[in-house]
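Undergrad: Below is a structure I'd like to ask you about.
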Amino acid sequence: MRNIAILITLCLSFSAWSQVLYQMPQGIKKSSISTFENLNGLKNNGGKTNQTAKGNAFEELKAGQSKVLLNLSGAGIIQRMWFTIQDRSPAMLRSIRLRMYWDNATKAAVDVPFGDFFGFGLSKPVKFETALFSNPEGRSFNCYIPMPFKTGAKIVITNESNKGIGLLFFDIDFVQLEKPAPNAMYFHAYWTRQKTSELGTDFIFLPKIEGKGRYLGVNMGVNADKRYADTWWGEGEVKLYMDNDDKFPTYNGTGTEDYIGTAWGLGVFTNLYQGSTIANDSTKQYAFYRFHIPDQVFFQKNFKATIQQIGGGERDLVRKLLQEKVPLKPVTVQWDGGFRRLLDNPLDINDASFPKGWVNFYRIDDYSATTYFYLDKSTSTLASLPDVKARIE
């Protein structure tokens, strides 16, 4: 029971080491912070440059350059990360690559675009605060996800754009432990994008991973295809496949905005565990997140996560789009007093008897997502981050 309690503390807490504030927890060797002033937070080694007067608070990150921001040996827990850069354009945020390695692994457990990791893949950052990330004034990037390690941790940032970053500031707060935290899992993050697909194809935002772990949540961006006019894009249900689920998932939601925790469409809001930082009906861009912190999702063998590409609109508009050869396929129709499953009980939308109501239909949009999870392994078989062109075009 004690190990379970420690695991829950590590994985659910907003800080890496939850404690009564006036008590010293056992097993802490030291608390420290890695910055350019003192990489790896060495004891009695901070702020030496320029006779201690702020001589190395930032560094340049040239085009194509990588910098190791943290490289520790031994056990510990990363508690918080903070960054700021001058160029916070969507293209730059997608061009910077962030990688994290645990226990001397050669494959990164976190390999994601910098901006997407912190919740911004489609736009410049905006003010928001969640249980796991924050951006107080739209100019910085904070992460509070606890990241335990047993024998080592390394964090690398790479500028994969064609222009330099003049000012890169960061700090990474961590504690070092006398021995690894019992039953602690490794933090992972995975980014993917699906610009196009076949009708009826779900967006797989986390391909199947093997092992024991916990699905922590996702932030997702959608560039809705403007050919669908003023129809709604977000009728797709989130599906979580756990522990050898095959064709059908154990977890099946009721719609995109429902999964986020709102209803009847999507506007901008930011809450601790769910929210939407972009909901622009003019540009057809939407960004949202959902973190499973109170509602824990554990898996024992394997896990996969998808979302359907389904939208909806009034019958006459859907008919018009079909006449214009816009790719879509009706799947249901709902009207006052009735509901029909069109895949189980087909009826041509152009038939005179087709009800006048709300038609849900398969559609194709541009989806991207960063998924966060814990795993009992320091690496996974997930693909490495795609090249810059695939990320930003």
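Numbering (this note's numbering), first residue to last: 614 to 1006.
Beta carbons are placed, not taken as given, at the ideal position from N, Cα and C, and that holds for glycine.
Can at least three beta-carbon pairs, one atom from the region 896-906 and one from the region 831-842, be found at a separation below 8 Å?
TA: Because the criterion of three Cβ pairs below 8 Å is met, the region 896-906 and the region 831-842 touch.
Undergrad: Let me make sure I understand the geometry here. Which of Ser895, Ile891 and Phe974 has the alpha-carbon closest to that of Val931?
TA: Among Ser895, Ile891 and Phe974, the Cα nearest to that of Val931 is on Phe974.
Undergrad: Opposite Phe600 in the DSSP bridges: which residues?
TA: Within the shown structure, residues of the chain are numbered from 614 to 1006, placing residue 600 beyond reach of any answer.
Undergrad: Give me whichever residues DSSP pairs with Asn832 in a beta bridge.
TA: DSSP output for Asn832 lists Tyr902 and Thr983 as bridge partner(s).
Undergrad: Opposite Ala688 in the DSSP bridges: which residues?
TA: Beta-bridge pairing links Ala688 to Leu790.
Undergrad: Would you report the Cα separation of Lys990 and Pro793, rounded to the nearest angstrom?
TA: C-alpha separation (whole angstroms): 14 Å.
Undergrad: Is it right to say Arg615 is buried, meaning 16 or more other beta carbons lie within 10 angstroms of its own, or is it exposed?
TA: In this prediction, Arg615 has a pLDDT of 44, which is less than 50 and means its spatial position is unreliable; what the coordinates show is noted afterwards. The residue is exposed, with fewer than 16 neighbouring Cβ atoms inside 10 Å.
Undergrad: Excluding the 5 residues preceding and the 5 following Lys821 in the sequence, name in chain order all residues of the same chain whose CB lies nearer than 8 Å to its CB.
TA: Same-chain partners within the cutoff: Tyr854, Asn915, Phe916 and Lys917.
Undergrad: Assuming Gln913 and Asp856 are in contact, meaning their beta carbons sit under 8 Å apart, how far apart are those beta carbons, in whole angstroms?
TA: Yes, Gln913 and Asp856 are in contact; Cβ-Cβ is about 5 Å, under 8 Å.
Undergrad: With DSSP as the reference, identify every bridge partner of Phe783, one or two as the case may be.
TA: DSSP, once it has assigned bridges, lists Phe696 as partnering Phe783.
Undergrad: How is the alpha helix (DSSP H) around Glu870 delimited, first residue to last?
TA: It spans Thr869 to Ile873 - the alpha helix (DSSP H) in which Glu870 sits, taken as one unbroken run.
Undergrad: Smallest Cα separation from Ile674: which of Leu941, Thr697 and Phe911?
TA: The amino acid at residue 674 is misidentified as Ile; the sequence shows Leu. Minimum Cα distance to Leu674 is reached at Thr697.
Undergrad: Can the beta-carbon of Phe783 be found less than 8 Å from the beta-carbon of Ile691?
TA: Not in contact: Phe783 and Ile691 (Cβ atoms no closer than 8 Å).
Undergrad: Report buried or exposed for Arg710, applying the criterion of at least 16 other Cβ atoms within 10 angstroms of its Cβ.
TA: Classification of Arg710: buried, given that the 10 Å Cβ count is 16 or more.
Undergrad: Taking the alpha-carbon positions, what's the Glu773 to Ala676 distance?
TA: Distance between the alpha carbons of Glu773 and Ala676 is about 6 Å.
Undergrad: What does DSSP give as the partner residue(s) for Pro943 in the beta ladder?
TA: According to DSSP, Pro943 bridges with Phe974.
Undergrad: By a C-beta neighbour count over all protein chains shown, 10 Å radius and 16 as the cutoff for buried, is Ala802 buried or exposed?
TA: Ala802 comes out buried.
Undergrad: Between the C-alpha atoms of Leu960 and Trp845, what's the straight-line distance to the nearest angstrom?
TA: C-alpha separation (whole angstroms): 22 Å.
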